[in-house]
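FYI, the numbering for the sequence shown is 5 to 36, going by the numbering used here. Backbone N, C-alpha and C define an ideal beta-carbon position, used for all residues, glycine too. Treat the numbers as computed from the prediction; the structure is a model and nothing was measured.
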Amino acid sequence: MNIHEYQAKGLLRAYGAPVADGRAVLRAEEAK
C-alpha cells in the first residue's frame, strides 16, 4: 500500500489510534 502521511493519520484516527495533531501547509507564511 502506498499512501501519504495525512491519509495514514486519517485511517489511524478512524480506528481510535493516538495520532499527533498537525496540518499540511503550502507556504512558509502558514507555518507556525
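Residue i (DSSP reduced to helix, strand or coil)
{"i": "Tyr10", "result": "helix"}
{"i": "Leu30", "result": "coil"}
{"i": "Ala35", "result": "coil"}
{"i": "Ala18", "result": "helix"}
Which listed residue (the options) has its alpha carbon closest to that of residue i
{"i": "Val23", "options": "Met5, Asn6 and Tyr10", "result": "Tyr10"}
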